[in-house]
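Numbering (the working numbering), first residue to last: 19 to 109.
No residue lacks a Cβ here, since even glycine has one placed at the ideal position from N, Cα and C.
A quick note: this is a predicted structure, and the numbers were derived from the prediction, not measured.
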């Protein structure tokens with residue numbers, strides 16, 4: 019008799035429908051959890067990338083300042099050489 023009841027329950031569409039609904043709920047819950055973790059990871063990665071970008075920008079600004087100083091020094095040196103050449107041409 020217990021076998022007949024178990025067999026009726028196993029073949030019942032309602033039981034399978036409830037199981038499918040529970041499985042769907044579980045899958046959706048796990049997907050949402052995974053999606054939330056992924057968003058948190060992405061947010062942290064973006065923060066880290068922005069920090070790196072800021073450091074890179076600061077470094078490039080320092081390089082620009084250094085290159086400008088180098089350019090000024092080269093200009094000064096070129097002018098001095100021109101003056102020396104002009105002086106030598108006069109002599």
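For the alpha helix (DSSP H) that residue i lies in, which residues bound it at each end?
i: residue 91; result: 31-108
Excluding the 5 residues flanking residue i on each side, which residues of the same chain have their C-beta closer than 6 angstroms to its C-beta?
i: residue 87; result: none
i: residue 107; result: none
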